[in-house]
Structure formats: C-alpha cells, structure tokens
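Structure, as structure tokens:
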Amino acid sequence: MKYLLLIYESEAGFAGMSGAEQARIFEEYMDYTKGIRKSGNYIGGEALQAISTATTVRVKNGKTITTDGPFAETREQLGGFYLVEAKDLDEAIKLAAGIPASRTGSIEVRPIMPTPPIE
Amino acid sequence: MDLETLYREERPRALATLIRLLRDFDLAEDVLQEAFAAAVEQWPREGVPGNPCAWLVSTARHRAIDRLRRAKTFAAKQAEIAYLSEAAAPPPDFVDEPLPDDRLRLIFTCCHPALAVEVQVALTLKTLCGLSVEEIARAFLVAPAAMAQRLVRAKGKIRDAGIPYEVPGSERLAERLEGVLRVVYLVFNEGYAATSGDALVRRELCAEAIRLGRLLRSLLPRVSEVTGLLALMLLQDSRRATRVDAQGELVTLEDQDRSRWDRGQIAEGEALADDAVRRGGAGFYALQGAIAALHAQAARAEETDWPQIAALYALLLRLHPSPVVALNHAAAVAMGERLDRGLRLIEQLERTGELEAYHLLPAAKADILRRLGRFSEAAVEYERALELVTQEPERRYLQRRLREVTAAE
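Protein sequences appear in the order of chains F and E. All residue numbers for the first sequence refer to the numbering used here, where the first residue is 240 and numbers rise by one. All residue numbers for the second sequence refer to the numbering used here, where the first residue is 219 and numbers rise by one.
Below, the structure written as structure tokens:
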C-alpha cells in the first residue's frame, strides 16, 4: 500500500535554531531519505517553502480568487512530505517514527486511495 | 446443545477465520450470518457436521464467492474471485480448519492503537464476543445509531488504512499486548465498577471479559500478565453478589458476607494468580491479581494479610507509579502497620494535588481518621468526598459514614 507521510512542525521553532543545528537536522533528513530509498519504501518526498509563501486558490462563479496565506494560528505547519510504499499500517507507522520531525512535531499517516490508472 | 448456543460458541472462531480469508469484516459477518441460516435449515434434517466451525467457514466462504460473482463490478473483482476460489478449493496442505491464531489476529486488529480506545472496546465486543450493536450501545449509554456509525468507521479504517490482520512480531508483542489487556480490563470494569445501570448488561460484560481473558490465556499461556489479568478478573468477580445489599446500598470489602463469595472462582483465581507471580516479571495485572488473592484468602476481614498487601502495592508503585496506586498503598499501610503512617502518606499525596478531583482520596483519609477516633476531622473529609462523588450508591455510603462520625463526636 501507498501512504503519504505529512510532516507537521513548528516553523518558528526551526527558524529559531542556530545554523549548526539546522545543518544537523538537514543531515538527519538526508540519512533518513537514503535509508528508505535503500529499503525500497521511498516513492517520493519534498520539503516545502515556509507557509509565508503559500497562496490559497478558490474558484467562485467562474472567477479565480486568490488569497495570501493561509496563516493559520496553529502551532505546527505542514513542512514537507514523503510518499512511501509499505506492507501495512504498522510498517507505515514505523517509517513515520523514523522521520526526524516525529520527535519535535508530528507526522500524519494517510493511506493513498487506490484509483484506476489514467490512460 | 441447541443451535443458538452452538452458533454463539462457534461464531467468534468462524468469524476470525473468515476475516483472514476474505480480508473484509462486513462481508465476513454477512456471509457467516447466511451460513448460519443455512445450518438452521440443514442440520436438524441431516445432522450436525463433525466440525461445525469448519462447516460454517466453508459454507460462508462459498457464499462470499457467489456474492462477488454477482457483484456488478465483476471485472474489478476478478482477482479477488481467483484468490477466493483458490481458498475455496484448498491445496492438499491447506488447513481447512480455523487456525488457533485467527482469534489472536482478530483481537490484535480490533485493539490496534491506530483506533481510539473506545472504538477498540466496541469492536472487540462486536466481533470477538458477538454482542449486538444494541447491546454494546446500551452498555456504554450511547444511541445505537451512533454506535453503529462508530463501528462502520472503524471497519472502514481497518480496511482503508491497511491495519494488519496479524499477531505482531516479538519485538512489538509486549507493547501491543498491553493495549489488548487494557481493552479486556476496560470491558470488565465497565461491567464491574458501576453499580447502577442495567444489571444484566453489566454482568454480561464481566462474563465476556472473563471469556476473553480465558481465550488469551489459552493462546498465550506463558505470559505472566495474561494469566494475572484473568486471575484478577475472576477474583474481583467472585465478590459480585455481596457488593450491594438487598436495598441497593454499597457494601465495602470489610463488611461483605464472605460466605457468599464464589468459592469456585476464588480457587481458580488463586491458582492463576500464583502461577502469574511464579513466572517472574509480574507486572501491573499479576501484582493486582496477587493482591486480590490475598483479600480472597482472608476468612474474616480482620484476618486480611495487610502487611503483605502493602508490600505488593509498594512493588506495584515502583513498577507503575500512579497517584491511584499510591493511594491504595497508603490505605494498605494504614491497615497493616499503623494508621498514622498511612495518614501521613495520604497527606503527602494530597499536597501533590494530583488527585484533587478524586473523591476516594478524602474518603480514604476520612476512613483512617474515623478509625483513629478523630471524628470531627473525619466529618470534614467525608464532606469533601461528598462534594466530588458522582455515583449514587457511593454518595449514600459516604452520607451514612458522615452521619456515624457526626453522631460519635
């Protein structure tokens, strides 16, 4: 099964770290990614720019409306994701627990809905 | 044996196997129901098969294949039918009997930590105990429709999120087993702790929890905590008849009519408690089982081995520190050693503020003060306990005590 592991973390917390600390965390992500590539679980994954760069789009009556943000007042923001292949939820949970942010933030594990292939 | 009883006994085993074969809770429940309807028709005429469970499983499995064949999305189901046909016409080494592990798989799936605890409890009662949605809803004071919805969502999550149908590997077994035991004990306590509500439903919950405890022990006989939990439940349940008097008033352990305790259950519970402790690594349940056994062994309340009970609570407190265990420890110290030492421990606990809202803390303190003859101080504590208590029989008990100490002043 495929799972999306959504990484939620405090942007402010990360921004407040020293350069050396940030580099160490970056290093950890590199190691983690290498590990799940080697084990065959990795399908994809990216880190996202800060939420201050986000734009929300809605279409109302055929008109595209864009808003700056969201600047939700939640403590944690979506900061990145991994798409993984796992045998079952237990394996997906194990993979999620290996992501560095699982210690400081939280990981949401979402199964991918199976859909027929698009021609 | 009549068919209803037979079905009730065979159902969990058959269902557990069908869920493994069909990988679908709802489909398994439906086709098992149909298989039973067929049994009601056939068995009185042709006799009960030698292995009723295997008969139910294989009949239900064929029904499932028929259903999938008839399903509109035929193409999409091809692979599934191929898989099921294979299972229906098993290779020579295929065991057409339920594997003993099936029910263990089922209980680990129902008690998966990715499900909310109350959902784990409901799902366990539904699939492993065969309770109806209405029965479960009544036990937890939830509307049947809401309970049905909760179960549908849970089965959906098991399917769509890929919650595995297997016994966890040895590296995670202990951790996951803890969750399973917690669910079983929650079911038991739901039936045991409350003295209000539908007595019949509550007795049923205790019986189901004990049945689950027996099942777990038969599947994991060497795990101390599994044995300990069964011992604990049997010993607590042995006192059921004496906990409330004819007027519905609460009777404390001290005042219960011990001649009415269930001796058979006590004997079994004692042997199990002993076995659990001897295995070593006695934990949360095994220690509580041992404590319950000591209470059961005292022919009269005055003969209770309080020093031993206090020692076991001290051990429990070291392994599983919690303010409630600390309170029990303090009460045992008061009864076993000296009342004033127990009182000091309770006062220490009071200062932490952790049990601020727990009526049993002032109640226990009041009890010690009453035994010390400090009646006016006891009255203050009984009043505090009365402000916090929520259960009606407990409230009446505390009021009775308050009247006693007020009169004695």
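Even for Gly, the Cβ is constructed at its ideal location relative to N, Cα and C.
Might you give, ordered along the chain, the residues of its own chain that have their beta carbon closer than 8 Å to the beta carbon of residue i, omitting 5 neighbours on each side?
{"i": "Glu266 (chain F)", "result": "none"}
{"i": "Val385 (chain E)", "result": "Asp319, Leu322, Arg323, Phe326 and Leu391"}
{"i": "Leu437 (chain E)", "result": "Pro318, Asp319, Arg321 and Leu322"}
{"i": "Asp242 (chain E)", "result": "Arg377"}
Assuming residue i contacts residue j (C-beta within less than 8 Å), just tell me the rounded distance between them.
{"i": "Tyr271 (chain F)", "j": "Ile338 (chain F)", "result": "6 Å"}
{"i": "Ala528 (chain E)", "j": "Val495 (chain E)", "result": "Wrong, their Cβ atoms sit about 16 Å apart, outside the cutoff."}
{"i": "Val185 (chain E)", "j": "Val405 (chain E)", "result": "The question about residue 185 (chain E) has no answer, for chain E in this structure spans 219 to 627."}
{"i": "Met240 (chain F)", "j": "Asp327 (chain F)", "result": "7 Å"}
{"i": "Leu447 (chain E)", "j": "Val402 (chain E)", "result": "6 Å"}
With a threshold of 9 Å between beta-carbons, can residue i be considered close to chain E, or not?
{"i": "Ala336 (chain F)", "result": "no"}
{"i": "Ile357 (chain F)", "result": "no"}
{"i": "Gly323 (chain F)", "result": "Looking at the sequence itself, residue 323 (chain F) is Val, so the reference to Gly does not match. Not closer than 9 Å to any Cβ of chain E, the Cβ of Val323 (chain F) fails to qualify, so no."}
{"i": "Ser345 (chain F)", "result": "no"}
{"i": "Lys326 (chain F)", "result": "yes"}
{"i": "Tyr247 (chain F)", "result": "no"}
{"i": "Val444 (chain F)", "result": "Since the first and last residues shown for chain F are 240 and 358, residue 444 (chain F) lies out of range."}
{"i": "Ile275 (chain F)", "result": "no"}
{"i": "Asp329 (chain F)", "result": "yes"}
{"i": "Ile332 (chain F)", "result": "yes"}
{"i": "Tyr242 (chain F)", "result": "yes"}
{"i": "Met352 (chain F)", "result": "yes"}
Using beta carbons (cut-off 9 Å, strictly below), is residue i in contact with chain F?
{"i": "Asp378 (chain E)", "result": "yes"}
{"i": "His330 (chain E)", "result": "yes"}
{"i": "Ile237 (chain E)", "result": "no"}
{"i": "Pro382 (chain E)", "result": "yes"}
{"i": "Ala386 (chain E)", "result": "Here residue 386 (chain E) turns out to be Pro, not Ala, going by the sequence shown. Yes, because at least one Cβ of chain F sits closer than 9 Å to the Cβ of Pro386 (chain E)."}
{"i": "Arg440 (chain E)", "result": "no"}
{"i": "Leu285 (chain E)", "result": "It should be pointed out that residue 285 (chain E) corresponds to Arg in this sequence rather than to Leu. No, no contact with chain F."}
{"i": "Arg281 (chain E)", "result": "no"}
{"i": "Arg390 (chain E)", "result": "yes"}
Just curious, the alpha helix (DSSP H) that residue i is in, first and last residue?
{"i": "Pro362 (chain E)", "result": "Pro362 to Asp378"}
{"i": "Glu396 (chain E)", "result": "Ser388 to Tyr410"}
{"i": "Pro611 (chain E)", "result": "Glu610 to Ala626"}
{"i": "Asp320 (chain E)", "result": "Asp319 to Cys328"}
{"i": "Asp455 (chain E)", "result": "Ser442 to Asp455"}
{"i": "Ile304 (chain F)", "result": "Unbroken run through Ile304 (chain F) is the beta strand (DSSP E), Lys302 to Asp307; no alpha helix (DSSP H)."}
{"i": "Gly255 (chain F)", "result": "It is not in any alpha helix (DSSP H) - Gly255 (chain F) carries neither H nor E in the DSSP assignment."}
{"i": "Phe243 (chain E)", "result": "Phe243 to Glu264"}
{"i": "Ile527 (chain E)", "result": "Trp524 to Leu537"}
{"i": "Asn269 (chain E)", "result": "Run containing Asn269 (chain E): none; DSSP gives neither H nor E here."}
Between residue i and the rest of its own chain, which residues show a CB-CB distance below 7 Å, the 5 nearest in sequence each way excluded?
{"i": "Gly397 (chain E)", "result": "Cys329 and Pro331"}
{"i": "Arg349 (chain F)", "result": "Tyr242, Leu243 and Leu245"}
{"i": "Gln260 (chain E)", "result": "none"}
{"i": "His513 (chain E)", "result": "Leu471 and Thr522"}
{"i": "Ala306 (chain E)", "result": "Per-residue confidence for Ala306 (chain E) stands at a pLDDT of 49, beneath the threshold of 50, marking its modelled position as unreliable; no derived number is given."}
{"i": "Gly499 (chain E)", "result": "Ser442"}
{"i": "Ala325 (chain F)", "result": "Met240, Tyr242, Asn280, Ala331 and Leu334"}
{"i": "Gln526 (chain E)", "result": "Leu512"}
{"i": "Leu212 (chain F)", "result": "Outside the shown range of chain F (240 to 358) lies residue 212 (chain F), about which nothing can therefore be said."}
Using a Cβ-Cβ cut-off of 6 Å (strictly less than) and excluding sequence neighbours within five positions of residue i, which residues of its own chain qualify?
{"i": "Thr306 (chain F)", "result": "Thr295"}
{"i": "Pro309 (chain E)", "result": "Only weak support is given to the placement of Pro309 (chain E): the predicted model assigns it a pLDDT of 38, under 50, and the question is left unresolved by the model."}
{"i": "Arg534 (chain E)", "result": "For clarity, residue 534 (chain E) is Leu in the given sequence; the question names Arg instead. Excluding sequence neighbours, Leu534 (chain E) sits near Leu505 and Val543."}
{"i": "Arg619 (chain E)", "result": "Tyr600"}
{"i": "Thr624 (chain E)", "result": "Ala597"}
{"i": "Leu343 (chain E)", "result": "Leu349 and Ile354"}
Please classify residue i as buried or exposed, where buried requires at least 16 other C-beta atoms within 10 Å of its C-beta.
{"i": "Arg185 (chain E)", "result": "Here chain E comprises residues numbered 219 to 627, so residue 185 (chain E) is not present and cannot be evaluated."}
{"i": "Arg276 (chain F)", "result": "exposed"}
{"i": "His538 (chain E)", "result": "exposed"}
{"i": "Gly482 (chain E)", "result": "exposed"}
{"i": "Phe310 (chain F)", "result": "exposed"}
{"i": "Ile357 (chain F)", "result": "exposed"}
{"i": "Asn300 (chain F)", "result": "exposed"}
{"i": "Gly466 (chain E)", "result": "exposed"}
{"i": "Ala491 (chain E)", "result": "buried"}
{"i": "Lys583 (chain E)", "result": "buried"}
{"i": "Ala372 (chain E)", "result": "buried"}
{"i": "Ile586 (chain E)", "result": "buried"}
{"i": "Gly344 (chain F)", "result": "buried"}
{"i": "Thr223 (chain E)", "result": "exposed"}
{"i": "Glu610 (chain E)", "result": "exposed"}
From what residue to what residue does the beta strand (DSSP E) around residue i run?
{"i": "Pro350 (chain F)", "result": "Ser345 to Pro350"}
{"i": "Leu244 (chain F)", "result": "Lys241 to Glu248"}
{"i": "Arg297 (chain F)", "result": "Thr294 to Lys299"}
{"i": "Ala286 (chain F)", "result": "Tyr281 to Ala286"}
{"i": "Leu317 (chain F)", "result": "Gln316 to Glu324"}
Does the ligand FAD have even one heavy atom less than 8 Å from the beta-carbon of residue i?
{"i": "Trp261 (chain E)", "result": "No copy of the ligand FAD occurs in the structure displayed, which carries no ligand at all."}
Could you confirm whether any beta carbon from chain A is found closer than 9 Å to the beta carbon of residue i?
{"i": "Gln515 (chain E)", "result": "Considering every chain present, this structure includes no chain A. Its protein chains are F and E."}
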